[in-house]
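Peer 1:
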Amino acid sequence: MILSGCPILEFLKLDGCVDLHDLKLSNALRLRTLQVFGPRSLSQSPMKIVAPHVRCLELRNSLILCTLGDISSLAEAKLNISAHALPSIDPVSLGVMVVPMAEMLEKLHNVENLTFGRDFLKNLSRPELGGVPFPKFKRIKALALDTPLSADMCVIIEKLLQQSPGLKTLTLHTRSHNTKPALWKKSRWEAELKHMATSIESLLKKTKALEEMVVQLDDRYFKAIGFEEMAQTLSCNYKNVSIVFSTKPVTKEEW
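In full-length UniProt numbering, the protein residues as written are 1 to 255.
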């Protein structure tokens, strides 16, 4: 009712609308950006979103319980849907989420810019959700991921890259607040840098059209012995890709 009285609305943010189950925005002809934030649980009914004119969609929920209808104009999507309740859910119930997650990802196959938050990617790495397939992202040009370069997460990233043949820019936000690099010994730094180089090389081998890779790190990495050598070696081995290491802080709004 409220939206019908706002024909020139271009931006809409819904935060904590727990009783909203059917979001139909077909008549919002000028709506370009839609943000849906707020806690949702398995006990709630899924929210169905129909927004054929929206260009940018951002979803931040506690669980994937959104059904996407017509989003045919979508060019950019940001998903960071955490799972605070997942540890208490039995594997059988968790496995039921595979199909809804796959259907949601399929709806994003035509986007040009895609961002996945850390919680969303962490969920995909869980064994119970390992069967979630990625669609072929035919038009994607830029992919941003908030994730550590751990072995299990690199598997997820590689799958994404294989399904993104036209990808030009890959941004990896690897900063973590749970480590204290300043306290690491030299041997730990050497092992950490070697792991990073190996992970980056593995990811680069999965791309064909990539032109730029941006890796956002904790600034202490830049002071580690061997970091410059690692960066130069990667640049020399992959001359067709601009590899940029950055310490630019990322705001909560970006992820």
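Cβ atoms here follow ideal geometry from the backbone N, Cα and C, with glycine treated the same way.
Do you know offhand how far Pro127's Cα is from Ile8's?
Peer 2: Pro127 and Ile8: Cα-Cα distance of roughly 45 angstroms.
Peer 1: Starting from Thr67, trace the alpha helix (DSSP H) in both directions and tell me its first and last residue.
Peer 2: First-last for Thr67: 66-68, but that is the beta strand (DSSP E), not the alpha helix (DSSP H).
Peer 1: Can you tell me which of the three DSSP states Leu193 falls into?
Peer 2: If DSSP states are grouped into helix, strand and coil, Leu193 belongs with the helices.
Peer 1: Taking Leu79 as the reference, give the member of Leu14, Ser150, His173, Leu145 with the closest Cα.
Peer 2: Of Leu14, Ser150, His173, Leu145, the residue nearest in Cα terms is Leu145.
Peer 1: Do Gln232 and Arg175 have their C-beta atoms within less than 8 angstroms of each other?
Peer 2: In this structure, Arg175 does not lie closer than 8 angstroms to Gln232 by Cβ.
Peer 1: What do you get for Ile243, buried or exposed, if any count of 16 or more other CB atoms within 10 angstroms of its CB means buried?
Peer 2: Buried: at least 16 other Cβ atoms inside 10 Å.
Peer 1: Where DSSP assigns a beta bridge to Met101, which residues make up the other side?
Peer 2: Met101 pairs with nothing; no bridge assigned.
Peer 1: Can you grab the Cα-Cα spacing for the pair Arg30 / Val50, in whole Å?
Peer 2: Near 14 angstroms, if we compare the C-alpha coordinates of Val50 and Arg30.
Peer 1: Given this structure, state the Cα-to-Cα distance separating Glu229 from Val214, to the nearest angstrom.
Peer 2: Straight-line Cα distance between these residues: approximately 17 angstroms.
Peer 1: Kindly indicate which residue of Thr67, Arg32, Gly130 has the alpha-carbon position closest to the one of Lys107.
Peer 2: Of the candidates Thr67, Arg32, Gly130, the one whose C-alpha sits nearest the C-alpha of Lys107 is Thr67.
Peer 1: Starting from the Cα of Thr166, find the closest Cα among Ser73, Asn113, Asn123, Leu105 and give me that residue.
Peer 2: The sequence given here places Gly at residue 166; Thr does not occur at that position. Among Ser73, Asn113, Asn123, Leu105, the Cα nearest to that of Gly166 is on Asn113.
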